[in-house]
Amino acid sequence: MLKEAARVREERVAQVCRPVGAEAIAALMNDMSKLGEDEICVICLSAPRQCGFVHAGITHSIVCRPCSKAIPPGSPCPLCRQHVEEIVDIPEGQTET
Ligand SMILES: [Zn+2]
Ligand SMILES: [Zn+2]
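Residue numbers for the sequence shown follow UniProt numbering, so the first one is 1 and each next one is one higher.
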């Protein structure tokens with residue numbers, strides 16, 4: 001998974017660094033749209049996931065950093081309703097749930 005993410009990022013950088021044409025921009029936008037719902041914050045639905053909720057030994061990495069501030073420890077996880085014990089940052093490239 002990590003290798004795949006790194007490869008995709010390299011491709012994006014290569015696309016941006018090339019002389020920019022309409023086609024390159026369209027290709028980049030298409031690539032970005034492949035992020036999909038699995039990598040978008042479940043609260044604001046507009047930012048990439050950057051933080052996770054830790055509870056009962058598992059982490060649900062489902063929100064962006066600003067939205068994580070709306071769910072303090074002790075609140076129910078928006079995904080599974082378990083009480084959140086800790087909020088952690090997701091290392092870049094890891095958005096597994
Ligand atoms: Zn958010
Ligand atoms: Zn949860």
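Backbone N, C-alpha and C fix where the C-beta goes; we use that ideal spot for every residue, glycine too. Values in this document were obtained by computation on a predicted structure and should not be read as measured data.
Looking at the DSSP output, D89 shares a beta bridge with C51. Among the bridge pairs identified by DSSP, P73 is matched with none.
Here V8 carries a helix assignment [DSSP, helix/strand/coil]. In the three-state reduction of the DSSP assignment, V84 falls in the coil class, being assigned neither a helical nor a strand state. DSSP places S61 inside the beta strand (DSSP E), whose first and last residues are I58 to V63. When the Cα atoms are used, V84 and A26 turn out to be separated by approximately 40 Å. Within 10 angstroms of the beta-carbon of S61 lie 16 or more other beta-carbons, which makes it buried.
The Cβ atoms of V54 and V88 lie closer than 8 Å to each other.
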